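Visitor:
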Amino acid sequence: MAKTSEDAKYHFKIWNGPNEVFDEDSPLHYVENYNDPRDFGELAGDYALAAQSVFDQYSKNQLTNYIAPLLHLIRQCLELDLKWLCSQVAHTEHQKHFEPEHTHNLKALWDESMPWIMQNIPLIARDVRLDATFRLVQAFHSIDPNGDLFRFGLSKVEAFSARKSADRVGFKKSLFPDFENAHYFCQHWALVVAWGYRGGGNEEEWQCSTPGGWNPLSFPRI
0 MAKTSEDAKY HFKIWNGPNE VFDEDSPLHY VENYNDPRDF GELAGDYALA
50 AQSVFDQYSK NQLTNYIAPL LHLIRQCLEL DLKWLCSQVA HTEHQKHFEP
100 EHTHNLKALW DESMPWIMQN IPLIARDVRL DATFRLVQAF HSIDPNGDLF
150 RFGLSKVEAF SARKSADRVG FKKSLFPDFE NAHYFCQHWA LVVAWGYRGG
200 GNEEEWQCST PGGWNPLSFP RI
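FYI, numbering that gives the first Met the number 0 numbers position 205 of the sequence shown as 204, with every residue one higher than the one before it.
1. Apart from the five residues just before and just after V53, which ones in its own chain have a Cβ nearer than 7 Å to its Cβ?
2. Who does K12 pair with in a DSSP beta bridge?
3. Would you call the CB atoms of A124 and M117 closer than 8 Å?
4. How many angstroms separate the CA atom of H182 from the CA atom of V127?
5. What three-state label does DSSP hand S154 in the structure shown?
6. Give the DSSP-derived three-state secondary structure of S58 in the structure shown.
7. Does the segment 172-189 come close enough to the segment 38-54 that 3 or more CB-CB pairs lie under 8 Å?
8. I need the straight-line Cα distance from C185 to K106, nearest angstrom please.
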């Protein structure tokens, strides 16, 4: 059973408005507006924008204070991207039992989505971003398998007989370009799955209109 948290001091429905106990001075509140909830893909885009902003600040002054928040945003975005891929694959006949929101394991999310896509949409193998995306997912999974290292500074996972600490993590200049490519790679192929494109031998079958003019064949090729 789902937990409920709707204290009227901080929550109200848009059609009813706040009641007499609502705290007008609270810096935070929750409004049920009855719109469709944001999906993993949309939220991943939000995290990508936030990561870009933090990366820009880090690039200006190289303050190490930015590193853990930046890596947390990047890892969270990758996790959401992979969860979106999984959710789109789950809408097919494959692995409907898998619930991506119940894990932070990047390898599990990759393994639940990518093999099915590679088999059913082999054109993905021609995307030049595939190998770099896999390397980035592997690196983040190896260094922060639980998704707690950059959130809390210390992970429950150990290395060299001590709990992993976020201040031990470094990165190359290529990290952010690799992350951008990985983000857009996941976004593109999640949409390909969502729109029902299959196969890959005959690209003419993919040349059909989509809302907004999105082109499933528009990706960097090997």
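Even for Gly, the Cβ is constructed at its ideal location relative to N, Cα and C.
Note that the coordinates shown come from a computational prediction; the quantities given were computed from them, not determined experimentally.
Guide: To lay it out plainly:
1. Here residue 53 corresponds to residue number 54 of the sequence shown, with the count starting at 1. So the list reads Y65, P68, L69, L72, once near-sequence residues are dropped.
2. Taking the sequence shown and counting its residues from 1, one reaches residue 12 at position 13. Beta-bridge partners of K12 (DSSP): E31.
3. Locating residue 124 in the sequence shown gives position 125, counting from the first residue. Locating residue 117 in the sequence shown gives position 118, counting from the first residue. Closer than 8 Å, so yes.
4. Looking up residue 182 in the sequence shown gives position 183. Looking up residue 127 in the sequence shown gives position 128. Taking the straight line from one Cα to the other gives about 13 Å.
5. Here residue 154 refers to the residue found at position 155 when the sequence shown is read from its first residue. If DSSP states are grouped into helix, strand and coil, S154 belongs with the strands.
6. To locate residue 58, count along the sequence shown from 1; it is residue 59. S58: helix per DSSP, three-state reduction.
7. A contact exists between the segment 38-54 and the segment 172-189.
8. Counted from its first residue, the sequence shown places residue 185 at position 186. Counted from its first residue, the sequence shown places residue 106 at position 107. Between the alpha carbons of C185 and K106 lies a gap of roughly 14 Å.
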